[in-house]
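Okay, structure first, notes after.
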Amino acid sequence: MTSTDDFAVRVQSLSRSFRGTHALIDVSLQIPRGSVFGLVGLNGAGKTTLIQHLIGSMKALHGTVNVLGQDPTIRPEKLLARIGYMTEEDSLPKWMRIRDLISFCRTVYPTWSDSYATQLCDMFGLSTTAKLKSLSKGGRARVALLAAIAHRPELLILDEPSSGLDPIARADILEAIIRTVADEGRTVLFSSHLLEEIDRVCDHIALLHDGVLLESIPAATLPERYTECFYRTETASSRPPEIPGSFGGAGDTSEWSVLIDVENASSRPTVPSIESDGARWELVNQQPATVHRWFAGRVQRKPATTSSTSAEGMQHV
Amino acid sequence: MLIQIQSGSQPIYQQIVEQIRFRILSAQLKAGDELPTIRGLAETLKVNPNTIARAYRELEHEGLVEKRRTTGTFVAETSGTLSRTRRRQILTPEIDKLVVLAGHLGADPAELDELIASRQQALQRKE
Numbered sequence: 001m002t003s004t005d006d007f008a009v010r011v012q013s014l015s016r017s018f019r020g021t022h023a024l025i026d027v028s029l030q031i032p033r034g035s036v037f038g039l040v041g042l043n044g045a046g047k048t049t050l051i052q053h054l055i056g057s058m059k060a061l062h063g064t065v066n067v068l069g070q071d072p073t074i075r076p077e078k079l080l081a082r083i084g085y086m087t088e089e090d091s092l093p094k095w096m097r098i099r100d101l102i103s104f105c106r107t108v109y110p111t112w113s114d115s116y117a118t119q120l121c122d123m124f125g126l127s128t129t130a131k132l133k134s135l136s137k138g139g140r141a142r143v144a145l146l147a148a149i150a151h152r153p154e155l156l157i158l159d160e161p162s163s164g165l166d167p168i169a170r171a172d173i174l175e176a177i178i179r180t181v182a183d184e185g186r187t188v189l190f191s192s193h194l195l196e197e198i199d200r201v202c203d204h205i206a207l208l209h210d211g212v213l214l215e216s217i218p219a220a221t222l223p224e225r226y227t228e229c230f231y232r233t234e235t236a237s238s239r240p241p242e243i244p245g246s247f248g249g250a251g252d253t254s255e256w257s258v259l260i261d262v263e264n265a266s267s268r269p270t271v272p273s274i275e276s277d278g279a280r281w282e283l284v285n286q287q288p289a290t291v292h293r294w295f296a297g298r299v300q301r302k303p304a305t306t307s308s309t310s311a312e313g314m315q316h317v
Numbered sequence: 001m002l003i004q005i006q007s008g009s010q011p012i013y014q015q016i017v018e019q020i021r022f023r024i025l026s027a028q029l030k031a032g033d034e035l036p037t038i039r040g041l042a043e044t045l046k047v048n049p050n051t052i053a054r055a056y057r058e059l060e061h062e063g064l065v066e067k068r069r070t071t072g073t074f075v076a077e078t079s080g081t082l083s084r085t086r087r088r089q090i091l092t093p094e095i096d097k098l099v100v101l102a103g104h105l106g107a108d109p110a111e112l113d114e115l116i117a118s119r120q121q122a123l124q125r126k127e
């Protein structure tokens, strides 16, 4: 068996284009077993395309994909029995009653647990005789969640599950994530652009932007690695001070904040003042970067003169 | 246990540490009280269990709580006897904020001292 593998998912150099548009460019990532892995990115960043490759809906044309020790496109039914999957789309057949859906799932998943399904129905306030079309959007999302977790999958994949849901339904999804990972060895892949949720539940965060995996980092080390530094200058400036190893400048005229990667920065952010563009900048404050600030800094639009967007070349020019 | 988590400010584990620390230091939680299990608190707060574990480790490191093998995490009998260094580490940033604010409002150090003393008395009377 491959269950001793440390990683539930391994993706190596995966690229994908649709009619000449690059959806994924040389993406490599590994999802540690037992982790909650957050996949963040703007709309259209390639998150769903990546997930489609993991569940065997798309075949890797360039690069390799391995999920729970197998290629998802070879005997996908074997893999899908071990995976739970939920997407933002309302994809369940609306004419079904909840109990019909449960019977269907029971035949598909060898590990399906009727008692867990009943427990989830109680928890979510769902009646098994209700038709899906009679439910609210939040109600249907809970049914989809039930169908994704009642067989206690080894890997739970949630593709933007919370979009457009009310806060209570979203809280139910987050709780399901925590329950799943609290069971030894189960893994969750959580794709979202709701950074507040990512920040709460994930222990690893990967950022996909324009098809490129910009960064993959353990969540606990993010505020240690990136420091947000606030600078002030006497003369108004239309750009942040130039500091090697910094990126994501944000501000206006005389006050700017930049992110400094303490691993790559040549100068430590402890220097109280710096000279840039003939102006003197005073360091007025610094704090560990939040996930929000890091995300905004990373996906920031570059001025037209900048050419590359590799993870290393993220200097603000 | 109800703990408020706000995104976009401090790291979440620190928010948990501060709120539990405050409850212990203000005697809302007393020596020997049991803290929720890591898993239980993670589910209530919808926060990764590793984050809760990190917060508990930090509280244990401060001597505020103790792990008892197989039974759980409890408020330490000796809580409130932090090392002088650690005490200062926790208090200094709070005092800095207060001093800056007092300066802005035009309160001189003597007025600040007086106010601290009078608040101490007021809080003691309440106990």
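Residue numbers (full-length UniProt numbering), protein chains in the order written: chain C, 1 to 317; chain D, 1 to 127. Just so you know, even glycine gets a beta-carbon here, dropped at the ideal spot from N, CA and C.
Start and end residues, beta strand (DSSP E) containing residue i
i, result
"tyrosine 85(C)", "83 to 87"
"threonine 73(D)", "72 to 75"
"asparagine 66(C)", "62 to 67"
"glycine 139(C)", "Not the beta strand (DSSP E): glycine 139(C) falls in the alpha helix (DSSP H), residues 137 to 149."
"isoleucine 274(C)", "273 to 276"
"leucine 174(C)", "Run containing leucine 174(C): none in the beta strand (DSSP E); it sits in the alpha helix (DSSP H), 167 to 182."
"valine 36(C)", "36 to 40"
Cβ shell of residue i (< 7 Å), same chain only, five flanking positions each side left out
i, result
"alanine 304(C)", "Since pLDDT at alanine 304(C) reaches only 45, below the 50 mark, its modelled position is unreliable, and no value is offered."
"aspartate 261(C)", "Arg225, Tyr226 and Gly245"
"glycine 46(C)", "Ala23, Leu24, Leu208 and Gly211"
"glycine 185(C)", "Arg33 and Gly34"
"arginine 57(D)", "none"
Under 8 Å by beta carbon: chain D residues contacting residue i
i, result
"valine 27(C)", "Chain D residues near valine 27(C): none, gap ~24 Å exceeds 8 Å."
"cysteine 202(C)", "Asn48"
"glutamate 196(C)", "Ser7 and Gly8"
"aspartate 261(C)", "Neighbours of aspartate 261(C) on chain D: none; closest Cβ ~18 Å, over 8 Å."
Nearest neighbour of residue i, chosen from the options [CA to CA]
i, options, result
"serine 7(D)", "Val212(C), Ser276(C), Glu228(C) and Val201(C)", "Val201(C)"
"isoleucine 83(C)", "Leu156(C), Ala289(C) and Met58(C)", "Leu156(C)"
"phenylalanine 7(C)", "Ile168(C), Leu213(C) and Gln70(C)", "Gln70(C)"
"glycine 38(C)", "Ile198(C), Ser237(C), Asp252(C) and Ala296(C)", "Ile198(C)"
"aspartate 203(C)", "Gly106(D), Arg69(D) and Pro11(D)", "Pro11(D)"
"glycine 44(C)", "Glu160(C), Gly164(C) and Gly248(C)", "Glu160(C)"
"arginine 152(C)", "Val188(C), Glu89(C), Ser127(C) and Ala130(C)", "Val188(C)"
"arginine 16(C)", "Gly41(C), Val65(C) and Val36(C)", "Val65(C)"
"threonine 44(D)", "Ala296(C), Ala182(C) and Leu80(C)", "Ala182(C)"
"tryptophan 294(C)", "Glu215(C), Gly251(C) and Ala279(C)", "Glu215(C)"
"leucine 126(C)", "Tyr109(C), Val291(C) and Ala144(C)", "Ala144(C)"
"serine 136(C)", "Leu101(C), Asp90(C) and Ile177(C)", "Asp90(C)"
"phenylalanine 230(C)", "Ala236(C), Glu255(C), Leu213(C) and Leu222(C)", "Glu255(C)"
"methionine 1(D)", "Ala102(D), Glu34(D), Tyr13(D) and Gln121(D)", "Glu34(D)"
Delimiting residues of the alpha helix (DSSP H) encompassing residue i
i, result
"threonine 111(C)", "That residue, threonine 111(C), is in no alpha helix (DSSP H); it is neither H nor E in DSSP."
"isoleucine 95(D)", "84 to 105"
"asparagine 50(D)", "49 to 61"
"proline 76(C)", "76 to 80"
Where residue i sits in the DSSP three-state scheme
i, result
"threonine 306(C)", "Reliability of the predicted coordinates at threonine 306(C) is poor, the pLDDT of 38 falling under 50, and no value is obtained from them."
"serine 162(C)", "coil"
"glutamate 255(C)", "strand"
"serine 3(C)", "With a pLDDT of only 48 at serine 3(C), under the threshold of 50, the placement of this residue in the model should not be trusted, and no figure is reported."
"proline 223(C)", "helix"
"serine 118(D)", "helix"
"lysine 47(C)", "helix"
"arginine 293(C)", "helix"
"aspartate 26(C)", "strand"
"alanine 206(C)", "strand"
"arginine 16(C)", "strand"
"glutamine 287(C)", "strand"
"residue 178(D)", "For residue 178(D) there is no data in the structure shown, the boundaries of chain D being 1 and 127."
Interface residues of chain D facing residue i [CB-CB closer than 7 Å]
i, result
"valine 36(C)", "Asn48"
"proline 223(C)", "Pro11"
"alanine 171(C)", "Lys46"
"aspartate 199(C)", "Ser7 and Ile12"
Proximity test, Cβ basis, 9 Å: residue i and chain B
i, result
"glycine 32(D)", "Absence of chain B from the displayed structure is noted, the protein chains being C and D."
8 Å CB neighbourhood of residue i in its chain, flanking five on each side removed
i, result
"serine 276(C)", "Pro241, Glu242 and Ile243"
"methionine 1(C)", "Low confidence applies to methionine 1(C): its pLDDT is 45, below 50, so where it sits in the model is not reliable, and the reading given next is rough at best. Gly69."
Beta-carbon neighbours of residue i, restricted to chain C and to distances below 7 Å
i, result
"arginine 39(D)", "Ala182"
9 Å Cβ cut-off: residues of chain C touching residue i
i, result
"glutamate 43(D)", "Glu175, Ile178, Arg179 and Ala182"
"arginine 54(D)", "Ala220"
Interface partners of residue i on chain D, CB under 9 Å
i, result
"threonine 290(C)", "Ser7, Gly8, Ser9, Gln10 and Pro11"
"glutamate 89(C)", "By Cβ distance, chain D contributes nothing, its closest Cβ being about 23 Å from glutamate 89(C), past 9 Å."
Same chain only: Cβ atoms within 6 Å of residue i, ignoring 5 sequence neighbours per side
i, result
"leucine 259(C)", "Tyr226, Glu228, Phe247, Gly248, Ala289 and Gly297"
"isoleucine 149(C)", "Gly84 and Ala176"
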